[in-house]
Structure formats: structure tokens, C-alpha cells
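All remarks here apply to the structure that follows.
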Amino acid sequence: MPEFSHLHVHTYYSMLDGATDIGALFKKVKDNGMPAIAITDHGNMFGVPKFTSEAKKHGIKPIIGCEFYLAPNDCTDKKDKTRYHQILLAKNEIGYKNLAKLSSIGFKDGFYYKPRIDKTILKKYKEGLIATTCCLQGQVPRTIIDKGEDEAEKVFKEWLDIFGDDYYLELQRHGIKDQDTVNEVLVRWSKKYGVKLIATNDVHYLDIKDSEAQDILLCLQTGKDYDDPKRMKFDGDQFYLKTREEMEELFSDLPEALDNTSEIVSKIDTPDLKRDVLMPVFKLPEGFASEDDYLKHLTFEGAKRKYGEITQDIIDRLELELGIIKDMGFAGYFLIVQDFIAAAKQLNVMVGPGRGSAAGSAVAYSIDITNIDPIKYNLLFERFLNPERVSMPDIDIDFDDEGRQKVIDYVVDKYGKDNVAQIITYGTMAGRSAIRDVARVLKLPLSEADRLAKLVPAGPGGMNLEKAYKEVKELAEAYGSPDELVKRTLNFAQVLENTPRHTGIHAAGVIIAPGDLTEYIPVCTSKDADLVVTQYEGKEVEDFGMLKMDFLGLKTLSIIKDAVVDVKRNRGVEIDIDKIPLDDKKTYELYQRGDTIGTFQFESEGMRGYLKDLKPTDLEDLIAMNALYRPGPMDYIPEFIDRKHGRKEVEYPHEWLKDLLKHTYGIMVYQEQIMQAAQIMAGYSLGAADVLRRAMGKKKPEVMEQQKVIFTAGAKEKGVDEKVAIEVFNMMEKFAAYGFNRSHSAAYSVVAYQTAYLKANYPGEYMAAVLTHNMNDIK
Numbered sequence: 002m003p004e005f006s007h008l009h010v011h012t013y014y015s016m017l018d019g020a021t022d023i024g025a026l027f028k029k030v031k032d033n034g035m036p037a038i039a040i041t042d043h044g045n046m047f048g049v050p051k052f053t054s055e056a057k058k059h060g061i062k063p064i065i066g067c068e069f070y071l072a073p074n075d076c077t078d079k080k081d082k083t084r085y086h087q088i089l090l091a092k093n094e095i096g097y098k099n100l101a102k103l104s105s106i107g108f109k110d111g112f113y114y115k116p117r118i119d120k121t122i123l124k125k126y127k128e129g130l131i132a133t134t135c136c137l138q139g140q141v142p143r144t145i146i147d148k149g150e151d152e153a154e155k156v157f158k159e160w161l162d163i164f165g166d167d168y169y170l171e172l173q174r175h176g177i178k179d180q181d182t183v184n185e186v187l188v189r190w191s192k193k194y195g196v197k198l199i200a201t202n203d204v205h206y207l208d209i210k211d212s213e214a215q216d217i218l219l220c221l222q223t224g225k226d227y228d229d230p231k232r233m234k235f236d237g238d239q240f241y242l243k244t245r246e247e248m249e250e251l252f253s254d255l256p257e258a259l260d261n262t263s264e265i266v267s268k269i270d271t272p273d274l275k276r277d278v279l280m281p282v283f284k285l286p287e288g289f290a291s292e293d294d295y296l297k298h299l300t301f302e303g304a305k306r307k308y309g310e311i312t313q314d315i316i317d318r319l320e321l322e323l324g325i326i327k328d329m330g331f332a333g334y335f336l337i338v339q340d341f342i343a344a345a346k347q348l349n350v351m352v353g354p355g356r357g358s359a360a361g362s363a364v365a366y367s368i369d370i371t372n373i374d375p376i377k378y379n380l381l382f383e384r385f386l387n388p389e390r391v392s393m394p395d396i397d398i399d400f401d402d403e404g405r406q407k408v409i410d411y412v413v414d415k416y417g418k419d420n421v422a423q424i425i426t427y428g429t430m431a432g433r434s435a436i437r438d439v440a441r442v443l444k445l446p447l448s449e450a451d452r453l454a455k456l457v458p459a460g461p462g463g464m465n466l467e468k469a470y471k472e473v474k475e476l477a478e479a480y481g482s483p484d485e486l487v488k489r490t491l492n493f494a495q496v497l498e499n500t501p502r503h504t505g506i507h508a509a510g511v512i513i514a515p516g517d518l519t520e521y522i523p524v525c526t527s528k529d530a531d532l533v534v535t536q537y538e539g540k541e542v543e544d545f546g547m548l549k550m551d552f553l554g555l556k557t558l559s560i561i562k563d564a565v566v567d568v569k570r571n572r573g574v575e576i577d578i579d580k581i582p583l584d585d586k587k588t589y590e591l592y593q594r595g596d597t598i599g600t601f602q603f604e605s606e607g608m609r610g611y612l613k614d615l616k617p618t619d620l621e622d623l624i625a626m627n628a629l630y631r632p633g634p635m636d637y638i639p640e641f642i643d644r645k646h647g648r649k650e651v652e653y654p655h656e657w658l659k660d661l662l663k664h665t666y667g668i669m670v671y672q673e674q675i676m677q678a679a680q681i682m683a684g685y686s687l688g689a690a691d692v693l694r695r696a697m698g699k700k701k702p703e704v705m706e707q708q709k710v711i712f713t714a715g716a717k718e719k720g721v722d723e724k725v726a727i728e729v730f731n732m733m734e735k736f737a738a739y740g741f742n743r744s745h746s747a748a749y750s751v752v753a754y755q756t757a758y759l760k761a762n763y764p765g766e767y768m769a770a771v772l773t774h775n776m777n778d779i780k
């Protein structure tokens with residue numbers, strides 16, 4: 002017997018018009034033995050990445066679709082508010098690309114209250130698509146109801162001419178009289194024209210019990226109260242994911258309409274949307290045959306400038322990095338970043354010395370992507386990039402916050418506005434906000450809503466409501482309260498928790514594509530963005546082959562920039578902030594007094610107390626404190642201070658690790674120390690050591706057991722006693738849970754030192770710049 006699959010499904014990405022959690026959706030589909038399911042959210046493709054990922058996890062065939070808004074005439078006409086609904090499903094990769102194109106056009110060209118397309122555009126991008134007559138808001142059903150069968154038949158034939166065998170008559174039965182009228186006509190046309198019927202349910206929520214939660218979402222979307230008799234609402238409670246048995250009962254007179262859904266499923270070859278990153282085309286200067294050649298040229302020219310004499314050690318390091326970059330195909334990435342950083346400096350935009358693991362690259366240092374010497378500070382390239390853990394390098398760049406937009410404008414000019422986009426984010430209803438939202442719709446008094454919301458424990462990411470109801474006694478009592486309004490509020494809040502409520506823009510992320518973005522992914526628009534915005538979030542965009550860059554605005558750089566200008570104007574002293582002495586006595590005296598208010602990274606009360614105890618004497622002390630002052634490793638700060646001042650003996654896990662740990666007094670502070678310890682003790686390559694470091698950090702027991710065997714065997718080969726090897730491994734594992742990225746800590750400690758240097762030597766100009774920028778933030 003042919004199987005049935007739902008082909009008209011709205012997830013919670015139908016933005017306050019769908020209450021279907023994607024994870025729960027696939028669990029129910031799997032439990033009911035359905036082979037496939039479609040996603041057809043209203044007007045967007047926001048949910049496609051999560052939908053396809055969950056489908057793969059559950060072994061279900063995903064069908065990528067969208068319920069588009071269709072303008073009756075030209076979608077650029079902003080006078081007529083009329084819009085129909087139109088289901089389109091992608092048969093293959095061409096169909097997916099055309100869906101993405103249509104969805105993008107709907108936002109870019111056709112937006113009028115909703116993103117709209119029209120038939121002219123649809124004809125242009127129809128290849129690889131399946132269409133249906135859709136729901137009661139479809140053009141054909143609407144015409145049957147409003148203008149009669151004869152007029153509707155003309156419209157139907159237009160659609161049939163466009164899609165031919167890929168056009169289906171969609172039947173729905175939600176207990177609505179107009180649906181019965183439409184279905185009667187569609188069944189007749191099926192016989193008359195030989196067009197197949199399909200049965201669907203207009204799914205907006207998972208189970209019948211969720212219909213009221215869906216209703217509350219509609220109230221949030223329209224800004225209405227639940228008891229408003231004039232508000233928009235669904236007609237009945239039948240818009241849920243029905244089982245095959247329920248659908249069979251509903252369409253017992255037309256079983257072929259259920260069976261025909263399997264024909265559509267069989268037509269569809271869902272493309273694998275994940276792919277390697279597609280690099281923008283970087284135009285090479287004349288005389289260079291490849292990106293690798295040009296990168297090598299820039300690297301060695303830059304190294305001469307940075308290092309003066311290039312020793313064999315430096316040559317070996319650069320050749321190693323360039324070889325890995327070439328093998329992994331990332332030369333173009335480095336050239337693109339180098340290019341816009343050079344442009345930033347030409348535009349008088351201040352650029353930070355580095356951020357994250359990229360500061361560990363000598364190539365990046367040589368070509369001015371970073372400005373901290375990884376060889377001098379013993380920073381590891383393999384923490385940033387290594388062939389044993391193939392992943393896209395991640396170079397995040399800090400610019401002064403006032404100049405950041407100039408750099409983005411440069412990128413847009415260079416690569417083309419159609420090729421550059423900002424990245425979408427989704428604001429979801431966390432536990433507290435879900436309670437407040439539902440309370441407003443149900444008219445629970447504001448004071449009571451506030452009380453209930455505040456009972457949900459705060460913290461990173463908030464707390465799951467189900468867990469909160471169990472753990473917080475007062476909240477549990479409210480959940481079981483005889484007050485029906487309170488109970489309903491808390492119950493619906495739990496159903497709607499984590500539902501996307503609105504879209505936003507990633508603070509720093511920018512996408513650069515090798516061509517028009519809409520050839521690869523769908524985009525949308527936002528009133529908060531000058532560029533188009535991806536419909537997929539950051540990690541998803543990268544998985545789908547787009548190059549993501551983070552252009553970060555750092556206020557501290559603006560403060561440094563202004564202070565340097567004021568020092569020159571007031572005192573006639575010209576400061577090159579990247580060449581200030583890193584052993585300035587007045588600067589370290591400032592740190593030793595804890596006089597760091599207004600400086601970068603070191604101004605909190607707790608940190609200032611530790612600085613007074615530590616009395617830092619060099620940059621290594623600052624790098625270590627920057628890494629240690631965070632939850633977890635903070636517990637080791639007193640021990641670190643006591644060891645520095647000789648109050649406690651410096652102990653090393655093994656004598657072979659003395660040189661590695663001498664700057665941190667025998668304590669493993671950095672992730673890189675974990676990697677190097679594995680190299681020294683057990684012969685790991687640094688690439689393999691990074692894999693070990695990640696496994697330790699994630700605490701995966703089965704992986705750790707494998708790694709312990711590998712480590713112990715490697716240590717024994719080097720003559721280390723097995724018991725000692727296991728002790729060292731266990732200590733590494735303990736510190737790996739807290740270890741911080743040394744490259745990032747070193748780079749940010751340099752910025753911190755620069756601010757302290759200015760405050761110590763030019764306090765008037767520096768603090769004036771701090772106050773000015775703080776006042777601007779308040780404004």
C-alpha cells in the first residue's frame with residue numbers, strides 16, 4: 002500500500018503563525034512511520050537548515066518547500082494588498098535554487114506587508130518545482146469562493162499550463178464549509194483534466210491540544226488580546242499533524258488522494274545542501290599564477306619588514322604554515338582578509354592586533370592580519386589550523402567601532418552589493434519572556450506575570466521551564482495553582498518556549514559570496530540592515546558553503562585612537578601604539594596598584610584586587626591573568642600568585658614540562674600548553690594534540706579512553722613510566738576543562754597593555770577619551 006506523507010507543514014519559523022517544534026515534529030513523524038515530510042513555512046525558508054538536519058538524524062526524507070505569498074499582478078505594485086498563498090516544493094537541486102531565488106525576490110522586490118512573488122517571476126523560476134492549488138487562501142480556491150467555478154477554471158488552467166504534470170489539486174478537510182465547496186469542484190476537475198488529487202492537513206501545530214497555544218501566537222503576531230472577538234483566529238482545532246489513520250478516516254472516500262502524496266515524494270531528490278566553503282574570487286596582480294604564489298610572496302616580503310633578519314627557524318615556520326594553507330585550499334581566504342585590513346589602515350581605521358586563535362599564525366602576522374609575533378610569544382599555528390582537524394579558519398577582526406562600517410563598505414564595493422550580506426539571528430521566547438508574552442495575551446495582571454517570570458532562575462541561556470517547574474518550589478506551586486489563569490499562562494508558556502519570536506541581525510557577521518548570493522542561499526531584508534540578510538544563521542550559512550567573516554567593532558580601539566590624536570595635539574608627542582615599549586615601568590606600577598579603571602580587560606573590582614596581590618612584572622603575567630580570570634580557572638589565581646612570590650613551591654607535573662610551564666609557575670593555564678604537553682610527553686603531532694585537547698574539553702568518555710591509551714603508549718615509548726603517564730594525562734584532562742586560548746589572551750593582553758600605557762603616561766588625554774566614549778554610549 003502506498004505510504005502517506007504530510008506535504009503542507011508550518012514550523013515555528015512561520016514566525017508567530019506556527020507552533021511546531023522541528024525536533025518534536027520529526028519524532029512524531031518517525032513514531033507514525035511516515036517516510037517523508039515537507040516544510041512549507043509562510044513566505045520564508047528560515048527553518049530549512051534545522052529541518053534537513055533533523056530529518057537526517059531521524060532517517061526521514063525532507064522535502065524543502067515554501068508557502069509563498071502571491072501578488073495578483075506585479076509584485077512590485079504596492080497599491081493592492083491582495084495576496085494569495087502558493088505551495089511550491091523543490092524536486093531537486095535546481096528546484097531548491099529556484100525556491101531560494103523566489104524567496105529572495107519576495108523580500109527584495111515584492112515586500113509589501115509580506116514578501117510576495119507573482120506569476121511572471123514564477124514562470125521564470127519554475128524549473129524543478131512542484132505546485133499545488135494550496136489552501137483556501139490559494140488563488141484557485143479563493144476564485145472558486147469569490148467568483149465562481151467558471152472564473153476559477155480559467156485560473157486553474159493557467160497554473161496547469163505552467164506546471165503540467167507537476168501540478169496537483171490539494172484537498173483539505175478541517176471542518177470548514179468553504180473547503181467542502183472547493184473540494185467538490187477540485188474532484189470534478191481531477192476527472193475532467195486528469196490532474197491528480199492530494200490530501201493534506203494544514204499543519205500549524207503538533208497535537209490537537211496545542212491549538213490554543215497556536216491561537217496565542219496569533220495574538221502575539223497581531224497584537225490582540227485572547228478574548229478579542231474581532232481578532233484573527235483559526236477556524237477550529239484541526240490544524241495539527243494527523244496520523245495516517247486519522248487522514249485515512251478523513252479521506253475514506255478518496256483514498257487515492259492520500260496515496261498520491263507518495264508519488265510526489267518519489268519525484269523528489271532532496272539535494273545535500275552542505276558543501277565546502279565557496280571562496281570569493283580574489284583578483285591577483287599581474288605576474289602571479291596562483292593565490293598560493295601571491296600569498297607566499299606577501300608573506301616573505303612582510304616577514305622581512307617585521308623580523309628584519311629572517312632566521313632559518315622563521316623560514317621553517319612560515320613554510321610549514323604556507324604548506325598547510327596550500328594543502329587545505331585557504332590561500333584565497335588569507336588574501337581576502339589581508340586585503341580589507343590593508344584597506345582599513347588606508348582609510349585610517351584602527352585594527353586590533355589579533356583575536357582568537359588566528360594570532361598563532363606567523364603568516365597572518367607577516368601579512369599584517371595580526372600584529373602579535375606568534376614566535377616570540379610561543380603561540381601555536383595548529384591551535385588555529387591543522388590538517389588533522391579540517392575546518393574553515395576563523396579570523397575575526399577588531400576595528401575601531403566608528404571605522405568598522407568603512408571597512409564593510411569597502412568589501413561591498415570590491416565584491417559587489419549582490420555578493421555581500423549580513424547574517425540573520427532569531428530572537429526566541431526564553432522561559433521568562435514566554436511567561437510575560439502569554440500573560441499579556443491572557444490578561445494576567447502585570448504584577449503577577451512579573452512575579453512568575455522572576456521565579457524562573459536566570460543564568461546563561463536561562464533555564465528550561467520544565468526543569469524550573471520541578472526545581473523552584475514557588476513556581477511548582479503556581480503551576481499546580483487552583484487559579485486557572487495562572488495555570489493556563491504557565492502551561493502555554495512551556496509549549497511556546499524557544500519559539501522564534503522575531504528576527505535580528507548578527508552584530509558582526511558578514512557573508513561574502515563568489516557571485517550573487519541568491520544563487521546559493523535565500524536572503525531577506527531588514528529595516529536594521531543596509532545590506533540584504535541571509536535567511537540562515539551563522540553556522541548554517543557556513544555549512545551551506547558561504548564564507549563568513551566577523552567584522553567586530555571594539556570601542557577600546559576608538560578610545561586608543563582618540564587618545565593618541567589628543568596626545569599629539571596637546572603635547573606634540575607622536576605615538577605609534579604598536580611600537581610602545583612592553584616593559585614600561587610606569588605601566589607595570591599602575592597594574593601593581595590595581596589602578597586599572599578605564600583600561601581594557603583588567604578593570605573589574607575582583608581583577609584589581611588580584612593585580613595588587615600579583616604585582617605583575619611582565620606581559621606574561623598579564624596574559625596569564627587574562628586567561629585565569631574567568632569561572633573555573635579563577636580558583637587557581639591564589640595558587641598562581643603564591644607560586645610567583647615564592648610563598649608556595651612551584652611544582653611541575655613532570656620535569657620535561659618545566660620549560661613549557663615556567664611562565665605559569667607549573668600551572669596549566671592555556672589550551673596550547675595541553676597540546677604541547679601531549680607533544681613533549683607522548684610524541685603527539687600538534688595537530689593530533691589539538692584533537693586531544695578538544696576531546697578533553699568536551700569530556701567525551703569513550704573518546705577520552707581511546708586517547709588515554711594512545712597517550713600512555715606514546716609516553717611509554719619515550720621511557721615514561723605508565724603510572725606517571727596516566728597521572729600526567731589526568732592532570733592535563735583536569736586543566737583542559739578550564740584552559741583558555743593563549744593566542745587570544747596574548748593578543749587582548751597587548752590591547753590591555755596599550756590602554757594601561759596611555760593611562761600611566763598620558764592620563765589626561767586617555768581618561769578624556771574614555772569618558773567621551775562612555776558618554777556616547779549613554780546617549
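In short: position in the sequence shown from 1, add 1, done, that's the numbering used here.
Ideal Cβ placement from N, Cα and C applies to all residues, glycine included.
Helix, strand or coil at A737 [DSSP, three-state] | In the sequence shown, the residue the question calls residue 737 occupies position 736. Looking at A737 - three-state DSSP - the assignment turns out to be helix.
Sort T426, Y366 and N499 by Cα distance to A748 and report the nearest one.
-> Residue mapping note: residue 748 aligns to position 747 of the sequence shown, counting from 1. Ranking the options by Cα distance to A748, first place goes to Y366.
Run through DSSP, which three-state label would Y749 get?
-> If you number the sequence shown from 1, residue 749 lands on position 748. Helix.
Just list the beta strand (DSSP E) runs in the stretch 521-584, keeping only unbroken ones of 3 residues or longer that don't cross its boundaries, in chain order.
-> 533-535 and 548-555
For L591, the first and last residue of its enclosing alpha helix (DSSP H) = The residue you call residue 591 lines up with position 590 of the sequence shown. Counting along the chain, the alpha helix (DSSP H) containing L591 begins and ends at K586 to R594.
D42: beta carbon under 7 Å from a heavy atom of the ligand COA?
-> Inclusion of the ligand COA in the displayed structure is not the case, the ligand content being empty and no account of it being possible.
Between the stretch 204-214 and the stretch 19-28, do at least 3 Cβ pairs fall closer than 8 Å?
-> yes
Is it buried or exposed for L453, if we count other Cβ within 10 angstroms and need 16 for buried?
-> Taking the sequence shown and counting its residues from 1, one reaches residue 453 at position 452. By the 10 Å Cβ count, L453 comes out buried.
Spatial neighbours of K788 within its chain, please: CB distance less than 8 Å, with the 5 preceding and 5 following residues excluded, ordered by chain position.
-> Residue 788 is absent from the model: the chain starts at 2 and stops at 780.
Whole-angstrom C-beta distance between P354 and I372, which should lie under 8 Å = Counting from one through the sequence shown, the residue named residue 372 turns up at place 371. Counting from one through the sequence shown, the residue named residue 354 turns up at place 353. It is Asn, not Ile, that sits at residue 372 in the sequence shown. Indeed they touch by this definition, with Cβ atoms about 4 Å apart.
Since F730 contacts F712 with CB under 8 Å, what's their CB separation in whole angstroms?
-> Taking the sequence shown and counting its residues from 1, one reaches residue 730 at position 729. Taking the sequence shown and counting its residues from 1, one reaches residue 712 at position 711. Right, the Cβ-Cβ distance comes to about 5 Å (below 8 Å), so this counts as a contact.
Which residue's Cα is closest to the Cα of L187: L466, R405 and D151?
-> Residue numbering aside, residue 187 sits at position 186 when the sequence shown is read from its first letter. The candidate whose alpha carbon is nearest that of L187 is D151.
Option nearest S425 by Cα separation, candidates K29, K528 and D78 | Counting from 1 along the sequence shown, the entry for residue 425 is found at position 424. The residue asked about is misnamed: residue 425 is Ile in this sequence, not Ser. Of K29, K528 and D78, the residue nearest in Cα terms is K528.
Residue(s) in a DSSP beta bridge with R502 | Within the sequence shown, the letter at position 501 stands for residue 502. Partner(s): none; R502 has no beta bridge.
Residues that K82 bridges to, as DSSP identifies them | Counting from one through the sequence shown, the residue named residue 82 turns up at place 81. The partner list for K82 (beta bridge, DSSP) is empty, contrary to what the question assumes.
Can you list, in chain order, the residues of its chain whose CB lies under 8 Å from that of I177, leaving out five sequence neighbours each side?
-> Locating residue 177 in the sequence shown gives position 176, where the first residue counts as 1. If we look at I177 and ignore the five residues flanking it on each side, its Cβ neighbours are L137, D236 and G237.
What's the gap between the Cα of C67 and the Cα of K120?
-> Walking along the sequence shown from the start, residue 67 turns up at place 66. Walking along the sequence shown from the start, residue 120 turns up at place 119. Their backbone Cα atoms lie some 15 Å apart in a straight line.
Which parts of the stretch 382-449 are runs of the alpha helix (DSSP H), unbroken and 4 residues or longer, counting only runs that do not cross its ends?
-> The qualifying runs are 382-385, 405-416 and 432-443.
Spatially closest choice to E264 from V568, K92 and F741, by CA coordinates = Here residue 264 corresponds to residue number 263 of the sequence shown, with the count starting at 1. With distances taken between Cα atoms, E264 lies closest to K92.
Closest Cα partner of V721 within the set S744, Y758, M682 and A459 | As a working note, residue 721 is residue 720 in the sequence shown. Of the listed residues, the one whose Cα sits closest to V721 is M682.
Is the Cβ-Cβ distance between G107 and Y168 less than 8 Å?
-> Indexing the sequence shown from 1 puts residue 107 at position 106. Indexing the sequence shown from 1 puts residue 168 at position 167. Cβ distance not < 8 Å, so G107 and Y168 don't count as in contact.
Other residues of its chain near Y758: CB distance less than 7 Å, five sequence neighbours each side excluded = As a working mapping, residue 758 is identified with position 757 in the sequence shown. Cβ within range, chain order: I581, D585 and T588.
What are the partner residues of V204, as DSSP defines its beta bridges?
-> As a working mapping, residue 204 is identified with position 203 in the sequence shown. V204 pairs with V10.
From D596 to P617, what does the alpha carbon distance come to, in whole angstroms?
-> Working through the sequence shown from its first residue, we reach residue 596 at position 595. Working through the sequence shown from its first residue, we reach residue 617 at position 616. Going from the Cα of D596 to the Cα of P617 covers about 13 Å.
Please classify N777: is it buried, with 16 or more other beta-carbons within 10 angstroms of its beta-carbon, or exposed?
-> Mapped onto the sequence shown, residue 777 falls at position 776. The residue is exposed, with fewer than 16 neighbouring Cβ atoms inside 10 Å.
Is the stretch 434-442 touching the stretch 416-425, taking contact as three or more C-beta pairs under 8 Å?
-> Counting C-beta pairs with one atom in each stretch, the stretch 434-442 and the stretch 416-425 have fewer than three that are closer than 8 Å, which means they do not touch.
Endpoints, beta strand (DSSP E) assigned at C67 = As a working mapping, residue 67 is identified with position 66 in the sequence shown. First-last of the beta strand (DSSP E) with C67: K62 to L71.
With a CB to CB cut of under 7 Å and the five nearest residues on each side skipped, what residues in its chain are close to S105?
-> Residue mapping note: residue 105 aligns to position 104 of the sequence shown, counting from 1. If we look at S105 and ignore the five residues flanking it on each side, its Cβ neighbours are T519, P523 and V524.
Straight-line CA distance for D260 to H9?
-> To locate residue 260, count along the sequence shown from 1; it is residue 259. To locate residue 9, count along the sequence shown from 1; it is residue 8. If you take the alpha carbons of D260 and H9, they lie about 15 Å apart.
If you draw a straight line from the alpha carbon of G217 to that of E543, how long is it in whole angstroms?
-> Within the sequence shown, numbered from 1, the residue matching residue 217 stands at position 216. Within the sequence shown, numbered from 1, the residue matching residue 543 stands at position 542. Checking the sequence, you will find Ile at residue 217 rather than Gly. Cα-Cα distance, rounded: 34 Å.
Expressed to the nearest angstrom, what Euclidean distance is found between the alpha-carbon atoms of D531 and Y653?
-> The residue you call residue 531 lines up with position 530 of the sequence shown. The residue you call residue 653 lines up with position 652 of the sequence shown. Their Cα atoms are separated by approximately 55 Å.
Buried versus exposed, by CB contacts within 10 Å (16 or more), A690 | Here residue 690 corresponds to residue number 689 of the sequence shown, with the count starting at 1. Buried: at least 16 other Cβ atoms inside 10 Å.
Can you name, in chain order, every residue of its own chain whose Cβ lies under 7 Å from the Cβ of G48, other than the five neighbours on each side?
-> Counting from one through the sequence shown, the residue named residue 48 turns up at place 47. Counting only Cβ-Cβ distances below 7 Å, and skipping sequence neighbours, we find T12, Y14, I23, I40 and D42.
How many angstroms separate the CA atom of Y637 from the CA atom of V670?
-> Within the sequence shown, numbered from 1, the residue matching residue 637 stands at position 636. Within the sequence shown, numbered from 1, the residue matching residue 670 stands at position 669. Distance between the alpha carbons of Y637 and V670: 9 Å.
What is the rounded straight-line gap between the Cα of K192 and the Cα of W160?
-> Taking the sequence shown and counting its residues from 1, one reaches residue 192 at position 191. Taking the sequence shown and counting its residues from 1, one reaches residue 160 at position 159. Taking the straight line from one Cα to the other gives about 17 Å.
Shortest alpha-carbon distance to N202 belongs to which of I38, D619, E302 and K234?
-> On the sequence shown, position 201 is the one that residue 202 refers to. Nearest of I38, D619, E302 and K234 to N202, Cα basis: I38.
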